[in-house]
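Peer 1: Take a look at this one; I'll ask things after.
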Amino acid sequence: MDYLGIDLSCAMGSLRNGEFPAKDCLLPLISKLLGYFVVAGSMTVKLPQIMKIVDNKSVKGLSVVAFELEVVGYTISLAYCLYKKLPFSAFGELAFLLIQALILVGCIYYFSRPLSVATWVRSLLYFALAPTVLADLEELHKQKHWTT
């Protein structure tokens, strides 16, 4: 019995026999469940900030560069996790945090008009390089498996 990469057969078998699941069966199960709870919780982390910006129609006092760096950091972390082929429960929160950070940067750009040339250049570089880096990591991963 496998749901979302969680093997429940070990725990269910023990519980059916009226026994408490063994540690080597229970710890991976708890780890996966906690991972998915973190992913679920990360879906709304930045929503209050996004809503406040949209409601006030202002980004006064927010640093554009700080939020752009946050997007770059999430992108690098997500790329590493994808490269290492980690399970979604181990990195899923990064995907949702990246999406929300991109929305935040979009809100900052929208309410900070007119944008400087440097801001346009940074955003174009990100959207040009991020997919390329992810594709290069995937290619590197394939080459690594061919040589070993």
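Per this note's numbering: the sequence shown = residues 22 to 169. Even for Gly, the Cβ is constructed at its ideal location relative to N, Cα and C.
Anyone know if the C-beta pair for A122 and E91 falls short of 7 Å?
Peer 2: Yes.
Peer 1: With a 10 Å radius around its C-beta and 16 neighbouring C-beta atoms as the bar for buried, classify F88 as buried or exposed.
Peer 2: Buried is the call here.
Peer 1: Name the residue from E114, Y131 and T65 whose alpha carbon lies nearest to the alpha carbon of S79.
Peer 2: Checked all of E114, Y131 and T65; the closest Cα to S79 is Y131.
Peer 1: Is there contact between the stretch 132-139 and the stretch 96-106, where contact requires at least three CB pairs shorter than 8 Å?
Peer 2: The stretch 132-139 vs the stretch 96-106: no contact.
Peer 1: Do Y57 and S98 have their CB atoms nearer than 7 Å?
Peer 2: For Y57 and S98, no; Cβs fall outside 7 Å.
Peer 1: If you reduce the DSSP assignment to three classes, tell me which class G56 lands in.
Peer 2: Note: G56 maps to helix in three-state DSSP.
Peer 1: Curious, which full-length alpha helix (DSSP H) runs of at least 4 residues does the stretch 87-165 contain?
Peer 2: 109-132, all fully within the stretch 87-165.
Peer 1: Roughly how many angstroms lie between the CA atoms of S63 and S84, to the nearest whole one?
Peer 2: Cα to Cα, the separation comes out at about 22 Å.
Peer 1: For K81, count the other beta carbons within 10 Å of its own beta carbon; 16 or more makes it buried, fewer makes it exposed. Which is it?
Peer 2: Classification for K81: exposed.
Peer 1: Measure from the alpha carbon of I129 to the alpha carbon of each residue in A149, L150, D45 and Q70, then state which is nearest.
Peer 2: Selected option, being the one with the closest Cα: Q70.
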